[in-house]
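Residue numbers (UniProt numbering): 1 to 461. Heads up, the beta-carbon is just placed ideally off N, CA and C, and yes, glycines get one too. The block underneath contains the structure these notes are about, expressed in structure tokens.
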DNA sequence: CCCCACAGCC
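Rendered as structure tokens:
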């Protein structure tokens with residue numbers, strides 16, 4: 001097996017060399033520190049492809065100039081650009097040059113595989129590290145969080161603690177993000193108490209921001225607020241987390257009030273060093289607050305301010321939020337016009353918002369048109385047909401509804417599940433608000449969440 | 001000369 005593996009590695013390396021057609025001459029007669037300096041500069045200037053080309057050239061003309069640090073830079077370039085093949089070639093080169101035992105290189109590989117969505121490979125790299133430190137553990141936990149597996153991330157965090165390694169502030173920050181994604185309040189509280197016991201950790205702003213966010217996402221807005229006001233140092237993350245927190249909890253006025261305070265705080269500080277400028281995520285929180293409160297005019301005003309006063313280009317989330325704002329107010333036509341005038345191609349989320357509003361306001365004509373748009377973007381998504389069929393149902397168009405339901409049934413898209421109740425099998429599809437089983441299933445989910453939460457206490461060690 | 005982190009639309 002090793003022979004086979006080795007020959008495939010050789011092939012990868014050879015192909016990496018064959019692909020090498022540099023557009024410009026590189027200075028390759030360098031010793032490692034000098035060559036690495038050049039690589040680092042390419043990274044700092046975001047010239048990722050240049051960095052990789054330079055590395056290939058080095059490997060061909062002056063292999064002795066390449067060391068483990070050079071590979072760190074190359075792998076970082078691949079990670080930033082999600083260059084799968086190039087990163088795998090880097091992995092192969094690391095093996096060939098005998099850099100396998102070097103832990104910071106393995107950590108880079110974990111990051112690379114995570115960034116390219118290959119969590120299993122990230123785990124394999126981690127698993128082969130003989131003497132694991134807190135940093136490579138953190139990279140693995142981050143890989144699970146970044147790939148939407150917060151439960152796995154927390155499992156790994158617990159495993160790490162059981163090996164008696166001390167988590168550093170970075171480990172705890174990412175573990176708190178996992179808690180936030182999972183709604184694991186008790187685990188989050190446990191981490192909070194851990195932080196309070198360690199003096200060194202208490203002043204870390206990222207960590208405190210992660211705590212605020214964790215409390216927000218786990219529903220304890222009071223704890224989040226207490227932390228927010230007790231911290232003397234606040235950056236744009238601190239403010240944004242709290243503004244979004246209020247918005248998510250339906251406290252729109254509090255969110256807008258806090259946003260005003262944030263801008264005020266800037267005015268009070270003379271030096272530019274501590275200036276906290278709202279960014280596009282902050283504005284997303286503000287727009288969410290307006291949407292939830294149905295404050296159409298305020299939302300439009302803030303959107304305008306974002307573009308004009310802060311020169312932030314609205315991205316799809318902002319546009320989606322604006323569409324939602326208009327839709328909830330029943331301004332379907334204005335919402336449709338807004339989408340048509342957008343500089344950015346609308347995605348399925350934006351159209352789905354409009355479709356939901358059509359359903360809410362029983363607008364068949366617009367609903368069908370929007371459904372067509374959605375079908376082009378996501379042909380397999382069943383939920384949209386369900387929404388449309390609900391419009392038909394609401395209007396008493398039973399034939400249309402039945403026909404549409406038959407089409408859905410024949411497609412059997414993934415993500416559609418069946419629930420057995422007694423002798424009857426009922427289809428349950430996301431977005432089917434009229435389904436009689438929805439309340440029942442919701443109850444089951446709440447019950448399960450309770451069980452999951454109670455399992456999140458630290459295991460006895 | 002090196003490796004890990006915080007806020008987001010349905």
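Beta-carbon proximity list for residue i, same chain, < 6 Å, skipping 5 on both sides
{"i": "residue 137", "result": "160"}
{"i": "residue 430", "result": "In this predicted model, residue 430 has a pLDDT of only 41, less than 50, meaning its place in the structure is not dependable enough to derive any value."}
{"i": "residue 476", "result": "What is shown of the chain runs 1 to 461, which leaves residue 476 out entirely."}
{"i": "residue 335", "result": "323, 326, 327, 354"}
{"i": "residue 21", "result": "Residue placement at residue 21 is poorly supported in this model, since its pLDDT is 46, which falls under 50; the coordinates still yield a value, given next. Hits under 6 Å: none found."}
{"i": "residue 68", "result": "99, 102, 105"}
{"i": "residue 360", "result": "none"}
{"i": "residue 179", "result": "187, 188, 214"}
{"i": "residue 347", "result": "316"}
{"i": "residue 259", "result": "243, 286"}
{"i": "residue 204", "result": "169"}
{"i": "residue 206", "result": "173"}
{"i": "residue 252", "result": "289, 292, 293"}
{"i": "residue 231", "result": "208"}
{"i": "residue 219", "result": "none"}
{"i": "residue 246", "result": "254, 255"}
{"i": "residue 280", "result": "312"}
Three-way DSSP call (helix, strand, coil) for residue i in this model
{"i": "residue 282", "result": "helix"}
{"i": "residue 126", "result": "helix"}
{"i": "residue 199", "result": "helix"}
{"i": "residue 234", "result": "coil"}
{"i": "residue 246", "result": "helix"}
{"i": "residue 251", "result": "coil"}
{"i": "residue 131", "result": "coil"}
{"i": "residue 277", "result": "coil"}
{"i": "residue 294", "result": "coil"}
{"i": "residue 177", "result": "helix"}
{"i": "residue 109", "result": "helix"}
{"i": "residue 188", "result": "helix"}
{"i": "residue 266", "result": "helix"}
{"i": "residue 397", "result": "coil"}
{"i": "residue 299", "result": "helix"}
{"i": "residue 144", "result": "helix"}
{"i": "residue 118", "result": "coil"}
{"i": "residue 165", "result": "coil"}
{"i": "residue 220", "result": "coil"}
Residue i, enclosing alpha helix (DSSP H) - first and last residue
{"i": "residue 184", "result": "Careful: residue 184 lies outside any alpha helix (DSSP H) and carries neither H nor E."}
{"i": "residue 37", "result": "32-44"}
{"i": "residue 150", "result": "150-162"}
{"i": "residue 68", "result": "68-81"}
{"i": "residue 213", "result": "205-217"}
{"i": "residue 102", "result": "From DSSP, residue 102 is part of no alpha helix (DSSP H); its letter is neither H nor E."}
{"i": "residue 27", "result": "Segment: none, residue 27 is in no alpha helix (DSSP H) and carries neither H nor E."}
{"i": "residue 51", "result": "48-61"}
{"i": "residue 93", "result": "84-96"}
Distance cut-off 7 Å: residue i Cβ against heavy atoms of the ligand ADP
{"i": "residue 220", "result": "With respect to small molecules bound, the structure shown includes none, and the ligand ADP cannot be examined in it."}
Residues near residue i by beta carbon distance below 7 Å, same chain, minus five either side
{"i": "residue 29", "result": "62"}
{"i": "residue 237", "result": "209"}
{"i": "residue 367", "result": "355, 358, 359, 388, 391"}
{"i": "residue 212", "result": "224, 227, 228, 238, 241, 242"}
{"i": "residue 126", "result": "110, 136, 140"}
{"i": "residue 291", "result": "299, 321, 324, 325, 328"}
{"i": "residue 26", "result": "54, 57"}
{"i": "residue 91", "result": "109"}
{"i": "residue 250", "result": "292"}
Neighbourhood of residue i by C-beta, 8 Å cutoff - its chain only, sequence neighbours within 5 removed
{"i": "residue 277", "result": "236, 266, 310"}
{"i": "residue 377", "result": "347, 348, 351"}
{"i": "residue 221", "result": "215, 245, 246, 249, 251"}
{"i": "residue 171", "result": "134, 137, 138, 141, 157, 160"}
Residue ranges of each alpha helix (DSSP H) run of no fewer than 4 residues wholly in the region 302-388, ordered along the chain?
316-328, 332-340, 348-360, 364-377
Are the region 316-330 and the region 296-307 touching, with three or more C-beta to C-beta distances below 8 Å?
yes
Taking contact to mean at least 3 C-beta pairs separated by less than 8 Å, is the region 65-74 in contact with the region 28-45?
yes
Would you check if the region 198-206 and the region 241-252 touch, i.e. whether three or more CB-CB distances between them fall below 8 Å?
no
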